[in-house]
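Take any residue in the sequence shown, count from 1 to its spot, add 1: that is its number in our numbering.
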Amino acid sequence: MKDSALVADIGGTNARFALSHNDVLDSKSVQILTCDDYENLDAAFNAYLEAQNTTVDEACLAMACPVSENISMTNNHWAFNCKSMQDKLRLESFKVINDFTAQALALPALKDSELIKVGRGEGLEHAARLIIGPGTGLGVAGLKEVGEHWLPLPGEGGHAALSAVSDLDIAVLKELHKTSDFIYWESILCGSGLENLYRAHSALAGENNRLKDFEITQQALAGEKVAEQALEHFCELLGRAASNAALTLGARGGVYIVGGIIPRFPEFFAESKFREAFETNVKMVDYLQQIPTYLVVADNPGLIGASAALHNPLV
């Protein structure tokens with residue numbers, strides 16, 4: 002067995018490859034390849050190893066798609082059978098995990114400098130943790146310590162029904178119901194979801210504006226009223242979704258926010274109604290106040306988690 006293993010975090014557009022030494026990510030080896038430039042995984046895999054002038058016997062891939070023996074990427078053309086791909090790549094060990102499984106497994110390895118704490122609370126050392134992240138979609142997963150290892154608890158919480166609480170929630174929900182019969186958390190807590198939320202706020206303001214998600218955040222930070230209201234509501238609703246999931250999981254170890262959206266505006270997020278919404282409840286206020294919430298600002302959590310998964314017998 003060789004000293005290094007290959008790890009990857011593969012999404013719809015880009016594939017991040019790196020080497021892992023003794024299950025620890027070598028951050029200097031990270032290389033980002035564009036998926037459209039390669040016919041399938043093996044071509045990108047081999048191109049990366051050639052650039053690194055090395056070979057490996059083991060690999061762990063974190064992929065943004067449902068994981069089974071036959072992989073078909075949700076947002077790019079890559080597709081393969083795991084056993085056939087392992088044979089083609091001549092690997093002794095070949096793991097394929099969901100991208101949020103990798104995100105969850107990264108948590109124990111994160112440094113304090115890679116976390117921004119939002120609000121109060123102190124986590125219990127051995128308690129379950131929750132990870133939730135708006136990006137292209139809304140990922141939700143848990144993590145539980147089991148003996149000497151960490152057990153990821155994958156789920157599809159992003160597709161749970163949205164819960165409306167305030168008058169504003171109800172008004173927005175009515176707008177969203179004009180185009181969809183069923184509104185779930187991912188309908189408003191992801192990139193396209195922020196666009197949906199902005200359109201609803203624009204309609205409630207007597208306008209009919211449409212913006213891309215990055216334009217909404219830019220205008221909100223510049224003080225444009227409707228965009229700012231939509232982004233504030235986005236953070237508030239994320240707080241409620243995180244609260245619901247934390248109560249369900251019993252995430253006394255902490256709640257961790259990941260994904261590509263929130264890190265664009267960490268100061269706005271920290272001052273938003275996220276934490277207030279997270280703590281809002283009738284009977285469980287004290288319970289929720291004790292749970293810390295963090296924004297993850299690590300560079301490559303998916304690769305860190307894939308490294309942690311390499312020899313974890315629970316994954």
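Even for Gly, the Cβ is constructed at its ideal location relative to N, Cα and C.
query = Is ILE263 closer than 9 Å to PRO135 when the C-beta atoms are compared?
reply = Closer than 9 Å, so yes.
request  = Could you tell me which residues DSSP pairs with TRP79 in its beta bridges?
outcome  = In the DSSP output, where bridge partners are listed per residue, TRP79 has none listed.
ask   = According to DSSP, what are the bridge partners of GLY143?
value = DSSP output for GLY143 lists LEU131, LEU154 as bridge partner(s).
message = Using a 10 Å radius around the Cβ and a threshold of 16 neighbouring Cβ atoms, would you call HIS178 buried or exposed?
response = Of the other Cβ atoms in all chains shown, fewer than 16 fall within 10 Å of the Cβ of HIS178; this residue is therefore exposed.
task = Please go through the region 258 to 301 and give each complete alpha helix (DSSP H) segment of 4 or more residues, from N-terminal end onward.
result = Counting whole runs of 4 or more residues, the region 258 to 301 contains the alpha helix (DSSP H) stretches 267 to 271, 275 to 280, 286 to 290.
query = Apart from the five residues on each side of it in sequence, which residues of its chain come closer than 8 Å, Cβ to Cβ, to ALA1?
reply = Residue 1 cannot be examined here, being either before or after the span of the chain that is shown, 2 to 316.
ask   = For LYS118, which residues does DSSP report across the bridge?
value = In DSSP, LYS118 forms a bridge with TYR295.
Residues of its chain near LYS284, where Cβ-Cβ distance is below 6 Å and the 5 sequence neighbours each way are ignored = Nothing listed; no residue qualifies.
query = Does DSSP classify CYS236 as helix, strand or coil?
reply = Looking at CYS236 - three-state DSSP - the assignment turns out to be helix.
message = Taking the alpha-carbon of VAL173 as reference, which of LEU62, LEU144, SER188 has the nearest alpha-carbon?
response = Out of LEU62, LEU144, SER188, SER188 has the C-alpha closest to the C-alpha of VAL173.
ask   = What's the C-alpha gap between TYR328 and ASP58?
value = The structure shown does not extend to residue 328, since the chain is modelled only from 2 through 316, so no value can be given for it.
query = Is the region 153 to 169 close to the region 100 to 113, with three or more CB pairs under 8 Å?
reply = Proximity of the region 153 to 169 to the region 100 to 113 meets the contact definition, three or more beta-carbon pairs being nearer than 8 Å.
Backbone secondary structure at ALA19 - three-state DSSP = ALA19: strand per DSSP, three-state reduction.
task = Please look up how many angstroms separate the CB atoms of GLN139 and CYS191, rounded, as I've assumed it's under 8 Å.
result = Note that residue 139 is Leu in the sequence shown, not Gln. Between CYS191 and LEU139 the Cβ distance is about 5 Å, and since that is below 8 Å, they are a contact.
request  = Inspect the beta-carbon positions of CYS236 and PHE215 and report whether they are closer than 9 Å.
outcome  = Their beta carbons are not under 9 Å apart, which means CYS236 does not touch PHE215 by this criterion.
message = At the level of alpha carbons, what is the spacing between GLY306 and LEU62?
response = GLY306 and LEU62 have their C-alpha atoms some 10 Å from each other.
The region 272 to 287 contacting the region 112 to 120, beta-carbon criterion three pairs below 8 Å = Because the criterion of three Cβ pairs below 8 Å is met, the region 272 to 287 and the region 112 to 120 touch.
Beta-carbon contacts of LYS226 that lie in its chain and below 6 Å, excluding the five residues immediately before and after = For LYS226, same chain residues with a beta-carbon under 6 Å away, outside a window of 5 residues either side, do not exist.
query = Is the region 249 to 259 in contact with the region 215 to 224, if contact means three or more CB pairs nearer than 8 Å?
reply = Counting Cβ pairs under 8 Å, fewer than three are found: no touch.
ask   = Just the Cα atoms here: how many angstroms apart are ILE133 and THR249?
value = Their backbone Cα atoms lie some 13 Å apart in a straight line.
task = Give the straight-line distance between the Cα atoms of GLN290 and TRP79, rounded to the nearest whole angstrom.
result = When rounded, the distance between both Cα atoms is 44 Å.
ask   = Could you give the residue range of the beta strand (DSSP E) that holds LYS96?
value = Start and end: 94 to 99.
message = Suppose you measure from the CA of ALA246 to the CA of PRO67; what does that come to, to the nearest Å?
response = Rounded to the nearest whole angstrom, the CA to CA distance from ALA246 to PRO67 is 21 Å.
Buried versus exposed, by CB contacts within 10 Å (16 or more), ARG211 = Here ARG211 is exposed. Its C-beta has fewer than 16 other C-beta atoms within 10 Å.
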